[in-house]
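Inspection log for the structure reproduced underneath, given as C-alpha coordinates.
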(Lines of atoms letter the chains of each structure in order from A and count residues from 1; the text may use other names and numbers.)
(Lines give C-alpha, C1' and ligand atoms only; values in the text may rest on other atoms or scores of the structure.)
Protein backbone atom coordinates (compact mmCIF):
# COMPACT_ATOMS: atom_id res chain seq x y z
CA UNK A 1 0.00 0.00 0.00
CA UNK A 2 1.38 3.40 -1.02
CA UNK A 3 0.78 6.53 1.05
CA UNK A 4 1.01 10.10 -0.30
CA UNK A 5 2.64 12.31 2.34
CA UNK A 6 2.55 16.13 2.54
CA UNK A 7 5.90 17.45 3.75
CA UNK A 8 5.31 20.71 5.64
CA UNK A 9 7.23 22.67 8.26
CA UNK A 10 6.67 21.59 11.86
CA UNK A 11 4.60 24.59 12.95
CA UNK A 12 1.28 24.99 14.70
CA UNK A 13 -1.30 27.62 13.83
CA UNK A 14 -2.15 29.68 16.90
CA UNK A 15 -5.77 29.75 17.85
CA UNK A 16 -8.16 30.46 20.60
CA UNK A 17 -11.82 30.19 21.68
CA UNK A 18 -13.94 31.83 24.25
CA UNK A 19 -16.27 30.72 26.97
CA UNK A 20 -18.89 33.29 27.91
CA UNK A 21 -20.86 32.89 30.95
CA UNK A 22 -22.08 35.45 33.37
CA UNK A 23 -24.00 35.33 36.45
CA UNK A 24 -26.28 37.81 38.03
CA UNK A 25 -26.22 38.96 41.63
CA UNK A 26 -29.29 38.78 43.88
CA UNK A 27 -30.13 41.46 46.32
CA UNK A 28 -32.61 42.02 49.10
CA UNK A 29 -33.45 45.06 51.17
CA UNK A 30 -35.58 44.77 54.28
CA UNK A 31 -38.38 47.11 55.28
CA UNK A 32 -38.96 48.00 58.89
CA UNK A 33 -42.07 49.30 60.53
CA UNK A 34 -42.46 51.66 63.43
CA UNK A 35 -42.14 48.90 66.00
CA UNK A 36 -38.60 48.37 64.70
CA UNK A 37 -38.88 44.80 63.51
CA UNK A 38 -36.66 44.23 60.48
CA UNK A 39 -38.75 42.45 57.88
CA UNK A 40 -36.46 39.97 56.17
CA UNK A 41 -39.18 37.42 55.48
CA UNK A 42 -39.21 38.05 51.76
CA UNK A 43 -36.94 36.03 49.47
CA UNK A 44 -34.21 37.82 47.56
CA UNK A 45 -35.29 40.26 44.86
CA UNK A 46 -33.93 38.94 41.58
CA UNK A 47 -33.14 41.47 38.88
CA UNK A 48 -33.00 40.58 35.19
CA UNK A 49 -29.50 40.99 33.88
CA UNK A 50 -28.04 40.31 30.48
CA UNK A 51 -25.04 38.06 30.17
CA UNK A 52 -23.12 36.29 27.45
CA UNK A 53 -25.18 33.16 27.06
CA UNK A 54 -24.48 29.68 25.81
CA UNK A 55 -27.67 28.99 23.88
CA UNK A 56 -29.27 25.58 23.57
CA UNK A 57 -29.38 24.29 20.02
CA UNK A 58 -29.70 21.25 17.81
CA UNK A 59 -28.44 20.01 14.47
CA UNK A 60 -29.39 19.48 10.84
CA UNK A 61 -27.03 18.26 8.06
CA UNK A 62 -23.59 19.54 8.94
CA UNK A 63 -21.46 21.82 6.73
CA UNK A 64 -18.48 20.41 4.93
CA UNK A 65 -15.60 19.90 7.33
CA UNK A 66 -12.29 21.70 6.69
CA UNK A 67 -9.62 19.50 5.15
CA UNK A 68 -6.24 20.14 3.63
CA UNK A 69 -6.28 21.74 0.20
CA UNK A 70 -2.53 22.29 -0.01
CA UNK A 71 -0.54 20.69 -2.77
CA UNK A 72 2.87 20.58 -1.09
CA UNK A 73 5.76 18.45 -2.17
CA UNK A 74 4.61 14.82 -2.11
CA UNK A 75 6.41 11.52 -2.05
CA UNK A 76 5.04 7.97 -2.32
CA UNK A 77 6.01 5.45 0.34
CA UNK A 78 4.68 2.12 1.50
CA UNK A 79 3.67 1.75 5.13
CA UNK A 80 6.68 -0.51 5.65
CA UNK A 81 9.02 2.14 4.25
CA UNK A 82 7.36 4.83 6.31
CA UNK A 83 7.76 2.81 9.51
CA UNK A 84 11.53 2.98 9.04
CA UNK A 85 11.52 6.77 8.76
CA UNK A 86 10.27 8.31 12.06
CA UNK A 87 11.13 11.80 10.81
CA UNK A 88 8.77 11.45 7.86
CA UNK A 89 6.02 10.00 10.05
CA UNK A 90 6.14 13.08 12.28
CA UNK A 91 6.26 15.46 9.32
CA UNK A 92 3.24 13.75 7.84
CA UNK A 93 1.27 13.45 11.06
CA UNK A 94 1.36 17.10 12.12
CA UNK A 95 -0.17 18.48 8.88
CA UNK A 96 -2.73 15.67 8.93
CA UNK A 97 -3.78 16.68 12.46
CA UNK A 98 -3.92 20.38 11.64
CA UNK A 99 -5.85 19.85 8.42
CA UNK A 100 -8.41 17.41 9.80
CA UNK A 101 -7.19 14.58 7.54
CA UNK A 102 -8.87 11.82 9.53
CA UNK A 103 -7.99 9.06 7.04
CA UNK A 104 -4.32 10.03 7.03
CA UNK A 105 -4.19 10.19 10.83
CA UNK A 106 -5.86 6.79 11.07
CA UNK A 107 -3.13 5.29 8.88
CA UNK A 108 -0.26 7.06 10.62
CA UNK A 109 -1.37 6.53 14.24
CA UNK A 110 -0.37 2.83 14.57
CA UNK A 111 3.05 3.60 13.11
CA UNK A 112 3.64 6.70 15.22
CA UNK A 113 2.48 4.97 18.42
CA UNK A 114 5.43 2.56 18.11
CA UNK A 115 8.08 5.28 17.66
CA UNK A 116 8.48 6.90 21.12
CA UNK A 117 5.60 9.28 20.43
CA UNK A 118 5.08 12.69 21.95
CA UNK A 119 2.19 12.22 24.46
CA UNK A 120 0.37 15.34 23.29
CA UNK A 121 0.49 14.47 19.59
CA UNK A 122 -0.49 10.89 20.39
CA UNK A 123 -3.56 12.06 22.31
CA UNK A 124 -4.56 14.41 19.49
CA UNK A 125 -4.24 11.62 16.93
CA UNK A 126 -6.33 9.32 19.14
CA UNK A 127 -9.04 11.99 19.37
CA UNK A 128 -9.15 12.35 15.58
CA UNK A 129 -9.34 8.60 15.01
CA UNK A 130 -11.99 8.13 17.70
CA UNK A 131 -14.16 10.74 15.95
CA UNK A 132 -13.67 9.08 12.57
CA UNK A 133 -14.70 5.74 14.07
CA UNK A 134 -17.83 7.24 15.64
CA UNK A 135 -16.57 7.04 19.22
CA UNK A 136 -17.72 10.56 19.93
CA UNK A 137 -17.74 10.44 23.73
CA UNK A 138 -14.13 9.26 23.73
CA UNK A 139 -13.18 11.83 21.11
CA UNK A 140 -14.75 14.73 23.04
CA UNK A 141 -13.06 13.60 26.25
CA UNK A 142 -9.64 13.59 24.56
CA UNK A 143 -10.22 16.93 22.82
CA UNK A 144 -11.18 18.55 26.14
CA UNK A 145 -7.88 17.39 27.63
CA UNK A 146 -6.02 18.75 24.60
CA UNK A 147 -7.67 22.18 24.86
CA UNK A 148 -7.09 22.28 28.60
CA UNK A 149 -3.38 21.76 27.94
CA UNK A 150 -3.08 24.05 24.90
CA UNK A 151 -6.09 26.40 24.76
CA UNK A 152 -4.56 28.42 21.89
CA UNK A 153 -4.39 25.48 19.47
CA UNK A 154 -6.70 26.46 16.62
CA UNK A 155 -7.24 23.21 14.73
CA UNK A 156 -7.94 21.14 17.85
CA UNK A 157 -10.56 23.59 19.12
CA UNK A 158 -12.31 23.57 15.75
CA UNK A 159 -12.27 19.77 15.72
CA UNK A 160 -13.66 19.74 19.26
CA UNK A 161 -16.52 22.01 18.16
CA UNK A 162 -17.32 19.68 15.26
CA UNK A 163 -17.15 16.60 17.50
CA UNK A 164 -19.50 18.25 20.02
CA UNK A 165 -21.89 19.07 17.18
CA UNK A 166 -21.88 15.48 15.98
CA UNK A 167 -22.37 14.30 19.56
CA UNK A 168 -25.39 16.61 19.90
CA UNK A 169 -23.85 18.44 22.85
CA UNK A 170 -25.63 21.52 21.63
CA UNK A 171 -24.74 24.15 24.18
CA UNK A 172 -21.07 23.25 24.36
CA UNK A 173 -20.68 23.03 20.57
CA UNK A 174 -22.14 26.45 19.89
CA UNK A 175 -20.03 27.99 22.64
CA UNK A 176 -16.87 26.65 20.96
CA UNK A 177 -17.91 27.98 17.53
CA UNK A 178 -18.67 31.37 19.04
CA UNK A 179 -15.24 31.33 20.64
CA UNK A 180 -13.62 30.69 17.27
CA UNK A 181 -15.28 33.73 15.72
CA UNK A 182 -13.31 36.08 17.97
CA UNK A 183 -10.08 35.24 16.18
CA UNK A 184 -8.50 36.85 13.15
CA UNK A 185 -9.41 33.93 10.91
CA UNK A 186 -9.50 33.68 7.11
CA UNK A 187 -12.84 34.57 5.57
CA UNK A 188 -13.54 31.01 4.34
CA UNK A 189 -13.12 29.64 7.86
CA UNK A 190 -15.38 32.34 9.33
CA UNK A 191 -17.96 31.43 6.68
CA UNK A 192 -17.67 27.77 7.67
CA UNK A 193 -18.16 28.63 11.36
CA UNK A 194 -21.20 30.78 10.57
CA UNK A 195 -22.55 27.89 8.49
CA UNK A 196 -22.24 25.55 11.45
CA UNK A 197 -23.95 28.03 13.75
CA UNK A 198 -26.77 28.56 11.26
CA UNK A 199 -27.16 24.80 10.94
CA UNK A 200 -27.33 24.08 14.65
CA UNK A 201 -29.74 27.00 15.11
CA UNK A 202 -32.18 24.98 13.00
CA UNK A 203 -32.21 22.07 15.41
CA UNK A 204 -35.52 21.27 17.02
CA UNK A 205 -34.63 18.77 19.70
CA UNK A 206 -35.59 19.09 23.35
CA UNK A 207 -32.84 20.44 25.56
CA UNK A 208 -32.54 19.87 29.30
CA UNK A 209 -30.08 21.77 31.48
CA UNK A 210 -29.85 21.40 35.23
CA UNK A 211 -27.59 21.63 38.21
CA UNK A 212 -27.18 21.56 41.97
CA UNK A 213 -25.29 23.99 44.22
CA UNK A 214 -24.08 23.34 47.74
CA UNK A 215 -24.88 26.46 49.84
CA UNK A 216 -23.04 27.71 52.90
CA UNK A 217 -24.86 30.84 54.18
CA UNK A 218 -23.71 32.97 57.11
CA UNK A 219 -26.49 35.57 56.72
CA UNK A 220 -29.32 33.87 54.88
CA UNK A 221 -31.83 36.50 56.02
CA UNK A 222 -29.78 39.60 55.06
CA UNK A 223 -29.90 40.91 58.64
CA UNK A 224 -27.83 43.82 59.96
CA UNK A 225 -24.69 42.90 61.91
CA UNK A 226 -25.19 41.50 65.38
CA UNK A 227 -25.24 44.25 68.02
CA UNK A 228 -26.52 46.97 65.66
CA UNK A 229 -28.19 49.86 67.54
CA UNK A 230 -29.40 53.25 66.36
CA UNK A 231 -31.09 56.05 68.31
CA UNK A 232 -31.72 53.62 71.14
CA UNK A 233 -33.49 51.11 68.90
CA UNK A 234 -32.37 47.53 68.22
CA UNK A 235 -33.43 45.51 65.16
CA UNK A 236 -35.47 42.40 65.78
CA UNK A 237 -33.53 40.47 63.14
CA UNK A 238 -30.18 38.75 63.74
CA UNK A 239 -28.00 37.05 61.08
CA UNK A 240 -28.88 33.37 60.65
CA UNK A 241 -26.76 30.58 59.24
CA UNK A 242 -28.04 27.98 56.82
CA UNK A 243 -26.60 25.05 54.89
CA UNK A 244 -28.30 23.28 52.06
CA UNK A 245 -28.74 22.89 48.33
CA UNK A 246 -30.11 25.04 45.55
CA UNK A 247 -31.20 23.39 42.32
CA UNK A 248 -32.33 24.43 38.87
CA UNK A 249 -33.74 22.72 35.80
CA UNK A 250 -34.42 24.24 32.38
CA UNK A 251 -36.39 22.39 29.72
CA UNK A 252 -36.65 24.03 26.29
CA UNK A 253 -37.58 23.31 22.70
CA UNK A 254 -37.43 25.28 19.44
CA UNK A 255 -39.63 24.82 16.40
CA UNK A 256 -37.81 26.22 13.34
CA UNK A 257 -39.82 28.18 10.80
CA UNK A 258 -38.83 29.54 7.41
CA UNK A 259 -36.30 32.33 6.92
CA UNK A 260 -34.72 32.12 10.38
CA UNK A 261 -37.90 32.50 12.43
CA UNK A 262 -38.74 30.13 15.27
CA UNK A 263 -41.13 29.48 18.12
CA UNK A 264 -39.85 28.42 21.53
CA UNK A 265 -41.16 26.90 24.73
CA UNK A 266 -39.19 26.71 27.96
CA UNK A 267 -39.87 25.78 31.56
CA UNK A 268 -37.69 26.73 34.51
CA UNK A 269 -37.70 25.20 37.98
CA UNK A 270 -35.62 26.70 40.80
CA UNK A 271 -35.48 25.98 44.49
CA UNK A 272 -33.51 26.08 47.74
CA UNK A 273 -33.53 23.50 50.49
CA UNK A 274 -31.77 24.19 53.82
CA UNK A 275 -31.57 21.13 55.99
CA UNK A 276 -30.75 23.15 59.13
CA UNK A 277 -33.03 26.19 58.56
CA UNK A 278 -36.13 25.13 56.66
CA UNK A 279 -38.05 28.36 57.07
CA UNK A 280 -36.00 29.80 54.18
CA UNK A 281 -36.81 26.96 51.77
CA UNK A 282 -38.30 28.14 48.46
CA UNK A 283 -39.48 26.82 45.11
CA UNK A 284 -40.49 28.50 41.85
CA UNK A 285 -41.66 27.59 38.36
CA UNK A 286 -41.70 29.74 35.24
CA UNK A 287 -43.26 28.87 31.86
CA UNK A 288 -42.26 30.78 28.72
CA UNK A 289 -43.83 30.55 25.26
CA UNK A 290 -42.93 32.85 22.38
CA UNK A 291 -40.77 33.14 19.33
CA UNK A 292 -38.23 35.16 17.45
CA UNK A 293 -35.67 35.37 14.70
CA UNK A 294 -32.05 34.28 14.57
CA UNK A 295 -29.10 33.96 12.25
CA UNK A 296 -25.39 33.42 12.86
CA UNK A 297 -24.92 36.94 14.28
CA UNK A 298 -28.32 38.06 15.61
CA UNK A 299 -31.01 36.64 17.85
CA UNK A 300 -34.23 38.43 18.82
CA UNK A 301 -36.68 36.65 21.10
CA UNK A 302 -40.02 37.77 22.59
CA UNK A 303 -41.26 35.50 25.38
CA UNK A 304 -44.46 35.99 27.43
CA UNK A 305 -44.26 34.13 30.75
CA UNK A 306 -46.13 33.11 33.89
CA UNK A 307 -44.47 32.32 37.22
CA UNK A 308 -45.46 30.85 40.58
CA UNK A 309 -43.43 31.14 43.78
CA UNK A 310 -43.67 29.06 46.97
CA UNK A 311 -41.96 29.97 50.26
CA UNK A 312 -41.96 28.65 53.82
CA UNK A 313 -42.05 32.18 55.19
CA UNK A 314 -38.61 33.26 56.36
CA UNK A 315 -38.53 35.16 59.63
CA UNK A 316 -42.33 35.29 59.72
CA UNK A 317 -42.43 31.50 59.92
CA UNK A 318 -42.09 29.51 63.12
CA UNK A 319 -38.71 27.98 63.93
CA UNK A 320 -39.77 24.45 62.95
CA UNK A 321 -41.81 25.42 59.87
CA UNK A 322 -41.18 23.24 56.84
CA UNK A 323 -44.24 23.55 54.60
CA UNK A 324 -44.01 25.58 51.40
CA UNK A 325 -46.90 27.97 50.77
CA UNK A 326 -47.89 29.87 47.66
CA UNK A 327 -46.21 33.23 48.10
CA UNK A 328 -46.71 35.13 44.83
CA UNK A 329 -47.71 34.79 41.20
CA UNK A 330 -46.39 36.79 38.27
CA UNK A 331 -46.92 37.24 34.56
CA UNK A 332 -45.17 39.36 31.99
CA UNK A 333 -43.18 39.55 28.81
CA UNK A 334 -39.45 39.40 28.10
CA UNK A 335 -37.55 40.74 25.07
CA UNK A 336 -34.04 39.38 24.60
CA UNK A 337 -31.71 40.66 21.85
CA UNK A 338 -28.16 39.43 21.11
CA UNK A 339 -26.05 40.93 18.34
CA UNK A 340 -22.43 40.37 17.29
CA UNK A 341 -21.08 43.82 16.37
CA UNK A 342 -17.81 42.27 15.16
CA UNK A 343 -16.20 38.86 15.71
CA UNK A 344 -14.80 40.28 18.98
CA UNK A 345 -17.65 42.46 20.25
CA UNK A 346 -21.15 41.44 21.27
CA UNK A 347 -24.03 43.36 22.83
CA UNK A 348 -26.89 41.74 24.74
CA UNK A 349 -30.05 43.53 25.83
CA UNK A 350 -32.93 42.28 27.99
CA UNK A 351 -36.16 44.17 28.63
CA UNK A 352 -38.83 42.74 30.91
CA UNK A 353 -42.21 43.83 32.21
CA UNK A 354 -43.81 41.93 35.12
CA UNK A 355 -47.12 42.07 37.00
CA UNK A 356 -46.77 40.57 40.48
CA UNK A 357 -49.46 39.62 42.99
CA UNK A 358 -48.88 38.32 46.53
CA UNK A 359 -51.12 35.64 47.96
CA UNK A 360 -51.06 36.49 51.66
CA UNK A 361 -53.33 39.44 52.61
CA UNK A 362 -50.61 41.09 54.71
CA UNK A 363 -48.35 41.16 51.65
CA UNK A 364 -50.78 42.69 49.19
CA UNK A 365 -49.45 46.20 49.77
CA UNK A 366 -46.50 44.92 47.70
CA UNK A 367 -48.71 44.11 44.70
CA UNK A 368 -47.69 46.00 41.58
CA UNK A 369 -45.54 45.83 38.51
CA UNK A 370 -41.89 46.16 37.56
CA UNK A 371 -39.79 47.18 34.59
CA UNK A 372 -36.20 46.18 33.95
CA UNK A 373 -33.64 47.02 31.28
CA UNK A 374 -30.24 45.39 31.17
CA UNK A 375 -27.45 45.95 28.65
CA UNK A 376 -24.15 44.09 28.48
CA UNK A 377 -21.26 44.81 26.14
CA UNK A 378 -18.83 41.91 25.80
CA UNK A 379 -15.31 42.05 24.37
CA UNK A 380 -13.41 38.88 23.51
CA UNK A 381 -9.84 39.66 22.39
CA UNK A 382 -9.10 35.96 22.06
CA UNK A 383 -10.46 32.59 23.03
CA UNK A 384 -8.87 32.51 26.47
CA UNK A 385 -10.30 35.79 27.68
CA UNK A 386 -13.43 37.94 27.79
CA UNK A 387 -14.34 41.26 29.39
CA UNK A 388 -17.75 42.79 29.88
CA UNK A 389 -19.51 45.85 31.23
CA UNK A 390 -23.22 45.95 32.00
CA UNK A 391 -25.72 48.66 32.88
CA UNK A 392 -28.98 47.77 34.63
CA UNK A 393 -32.15 49.62 35.54
CA UNK A 394 -34.99 48.16 37.61
CA UNK A 395 -38.18 49.93 38.71
CA UNK A 396 -40.67 48.35 41.08
CA UNK A 397 -44.08 49.95 41.58
CA UNK A 398 -46.21 48.81 44.51
CA UNK A 399 -49.52 49.69 46.14
CA UNK A 400 -47.68 51.11 49.18
CA UNK A 401 -45.01 53.58 48.04
CA UNK A 402 -42.67 52.68 50.90
CA UNK A 403 -42.13 49.32 49.15
CA UNK A 404 -41.55 50.84 45.69
CA UNK A 405 -38.05 51.68 44.52
CA UNK A 406 -35.71 52.33 41.61
CA UNK A 407 -32.41 50.55 41.24
CA UNK A 408 -29.55 51.51 38.90
CA UNK A 409 -26.46 49.37 38.62
CA UNK A 410 -23.24 48.68 36.78
CA UNK A 411 -21.38 45.38 36.38
CA UNK A 412 -17.79 44.69 35.33
CA UNK A 413 -16.42 41.25 34.63
CA UNK A 414 -13.47 39.26 33.35
CA UNK A 415 -13.14 35.62 32.36
CA UNK A 416 -9.86 33.83 31.74
CA UNK A 417 -8.60 30.43 30.65
CA UNK A 418 -5.24 29.83 32.30
CA UNK A 419 -2.51 27.28 31.58
CA UNK A 420 -2.79 23.84 33.17
CA UNK A 421 -6.55 23.72 32.53
CA UNK A 422 -7.63 26.33 35.11
CA UNK A 423 -10.48 28.76 34.30
CA UNK A 424 -11.74 31.69 36.37
CA UNK A 425 -14.56 34.21 36.17
CA UNK A 426 -14.73 37.43 38.19
CA UNK A 427 -17.63 39.89 38.41
CA UNK A 428 -17.93 43.08 40.45
CA UNK A 429 -21.08 45.18 40.72
CA UNK A 430 -22.33 48.40 42.23
CA UNK A 431 -25.90 49.69 42.43
CA UNK A 432 -27.95 52.39 44.11
CA UNK A 433 -31.49 51.76 45.30
CA UNK A 434 -33.83 54.61 46.17
CA UNK A 435 -37.27 54.06 47.69
CA UNK A 436 -40.26 56.18 46.75
CA UNK A 437 -41.42 57.09 50.27
CA UNK A 438 -40.31 56.85 53.91
CA UNK A 439 -41.26 53.85 56.03
CA UNK A 440 -42.94 56.04 58.67
CA UNK A 441 -44.80 59.34 58.73
CA UNK A 442 -42.95 62.33 60.17
CA UNK A 443 -45.51 62.78 62.95
CA UNK A 444 -44.97 59.26 64.32
CA UNK A 445 -43.43 59.72 67.76
CA UNK A 446 -42.17 56.17 68.37
CA UNK A 447 -40.25 55.80 65.14
CA UNK A 448 -36.54 56.52 64.60
CA UNK A 449 -35.65 59.50 62.44
CA UNK A 450 -34.16 57.33 59.68
CA UNK A 451 -37.60 55.74 59.14
CA UNK A 452 -39.00 59.20 58.37
CA UNK A 453 -36.78 59.89 55.35
CA UNK A 454 -36.58 58.19 51.97
CA UNK A 455 -34.30 55.18 52.20
CA UNK A 456 -31.23 55.11 49.92
CA UNK A 457 -28.98 52.08 49.64
CA UNK A 458 -25.57 51.48 48.08
CA UNK A 459 -25.10 47.84 47.07
CA UNK A 460 -21.76 46.20 46.30
CA UNK A 461 -21.10 42.71 45.02
CA UNK A 462 -18.20 40.43 44.08
CA UNK A 463 -18.46 36.96 42.52
CA UNK A 464 -15.47 34.73 41.84
CA UNK A 465 -15.73 31.29 40.21
CA UNK A 466 -12.94 28.79 39.53
CA UNK A 467 -12.93 25.38 37.85
CA UNK A 468 -10.65 22.98 35.98
CA UNK A 469 -11.61 22.42 32.35
CA UNK A 470 -10.38 18.84 32.13
CA UNK A 471 -12.22 17.66 35.25
CA UNK A 472 -15.34 15.97 33.91
CA UNK A 473 -17.47 13.20 35.28
CA UNK A 474 -20.51 12.11 33.26
CA UNK A 475 -20.28 15.42 31.42
CA UNK A 476 -20.30 17.45 34.66
CA UNK A 477 -17.64 20.01 35.56
CA UNK A 478 -17.63 21.11 39.22
CA UNK A 479 -17.18 24.82 39.90
CA UNK A 480 -16.48 26.66 43.15
CA UNK A 481 -17.96 30.15 43.64
CA UNK A 482 -17.41 32.75 46.34
CA UNK A 483 -20.00 35.54 46.45
CA UNK A 484 -19.86 38.64 48.63
CA UNK A 485 -22.58 41.27 49.04
CA UNK A 486 -22.49 44.45 51.09
CA UNK A 487 -25.24 47.05 51.51
CA UNK A 488 -24.80 50.45 53.14
CA UNK A 489 -27.82 52.63 53.78
CA UNK A 490 -29.13 55.71 55.54
CA UNK A 491 -31.29 53.14 57.38
CA UNK A 492 -28.79 51.26 59.60
CA UNK A 493 -31.24 48.36 59.97
CA UNK A 494 -30.94 47.70 56.23
CA UNK A 495 -27.16 47.45 56.24
CA UNK A 496 -25.61 44.00 55.99
CA UNK A 497 -22.70 41.91 54.73
CA UNK A 498 -23.20 38.49 53.21
CA UNK A 499 -20.58 35.88 52.32
CA UNK A 500 -21.57 32.79 50.40
CA UNK A 501 -19.58 29.83 49.14
CA UNK A 502 -21.15 27.26 46.90
CA UNK A 503 -20.10 24.30 44.82
CA UNK A 504 -21.92 23.91 41.50
CA UNK A 505 -22.55 20.77 39.46
CA UNK A 506 -24.39 21.35 36.17
CA UNK A 507 -25.02 19.38 32.99
CA UNK A 508 -26.77 19.74 29.65
CA UNK A 509 -28.65 16.61 28.60
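In the working numbering, the protein residues as written are 340 to 848.
Note that the Cβ used here is the ideal one computed from N, Cα and C, for glycine as well.
With 16 or more other Cβ atoms inside 10 Å of its own Cβ, residue 677 counts as buried. For residue 425, no beta strand (DSSP E) encloses it; the enclosing alpha helix (DSSP H) starts and ends at 425-437.
In terms of Cα proximity to residue 738, the closest of 822, 708, 752 and 728 is 708. Taking the CA atoms as reference points, residue 722 sits about 51 Å from residue 657. Taking all protein chains in view, the Cβ of residue 451 is crowded by 16 or more other Cβ atoms within 10 Å, so the residue is classified as buried. Look at residue 825 here: in three-state DSSP terms it is strand. By the CB criterion at 8 Å, residue 466 and residue 482 fall inside the cutoff.
In the DSSP assignment, residue 441 falls within the unbroken alpha helix (DSSP H) covering 441-451.
When DSSP assignments are scanned along the region 590-654, the uninterrupted stretches of beta strand (DSSP E) that are 3 or more residues long and fall wholly within it turn out to be 600-613, 621-633 and 637-650. When the Cα atoms are used, residue 765 and residue 843 turn out to be separated by approximately 16 Å.
Rounded to whole angstroms, the gap between the alpha carbons of residue 756 and residue 490 is 8 Å.
Taking all protein chains in view, the Cβ of residue 715 is crowded by 16 or more other Cβ atoms within 10 Å, so the residue is classified as buried. Just so you know, the alpha carbons of residue 817 and residue 824 end up roughly 23 Å apart.
Residue pairing from DSSP places residue 676 in a beta bridge opposite 639 and 688. By the Cβ-count criterion, residue 536 is buried, with 16 or more other Cβ atoms from all chains shown falling within 10 Å of its own Cβ. Only residues of its own chain outside the window of five on either side were considered, and among them 604 have a CB closer than 6 Å to the CB of residue 628, listed in chain order. No Cβ-Cβ contact shorter than 8 Å links residue 763 with residue 747. Bounds of any beta strand (DSSP E) do not take in residue 738, whose DSSP letter is neither H nor E. It is roughly 14 Å from the alpha-carbon of residue 664 to the alpha-carbon of residue 611. For the pair residue 784 and residue 790, the Cα-to-Cα distance works out to about 11 Å. The beta carbon of residue 516 sits closer than 7 Å to the beta carbons of 500, 532, 535 and 536 from its chain, once the five residues preceding and following it are set aside; these are given in chain order. Shortest Cα-Cα distance from residue 596 to any of 543, 672, 574 and 475 involves 543. Annotation for residue 557: 580 and 838 place their beta carbon closer than 6 Å to its own, counting only its chain and skipping 5 residues before and after.
A contact is defined here as three or more CB-CB pairs under 8 Å, and the region 827-836 meets this definition with respect to the region 547-562. The three-state reading of DSSP puts residue 573 in coil, since its state is none of H, G, I, E or B. When DSSP states are grouped into helix, strand and coil, residue 557 belongs to the coil group. For residue 701, the secondary structure class from DSSP, reduced to helix, strand or coil, is helix. Contact annotation, residue 594 with residue 636: C-beta distance approximately 22 Å; criterion of less than 8 Å not satisfied. Just so you know, the alpha carbons of residue 758 and residue 685 end up roughly 26 Å apart.
Beta-bridge pairing by DSSP links residue 765 to 753 and 803.
Beta bridge pairing from DSSP links residue 797 with 771 and 827. Comparing C-alpha distances from residue 494 to each of 454, 675, 441 and 437 shows the shortest one belongs to 437.
It is roughly 6 Å from the alpha-carbon of residue 435 to the alpha-carbon of residue 443. Going by DSSP, residue 808 is part of no beta strand (DSSP E) at all; its letter is neither H nor E. In the structure shown, residue 483 adopts helical secondary structure according to DSSP, grouped into three states. Comparing alpha carbon positions, the residue from 743, 761 and 749 closest to residue 773 is 743.
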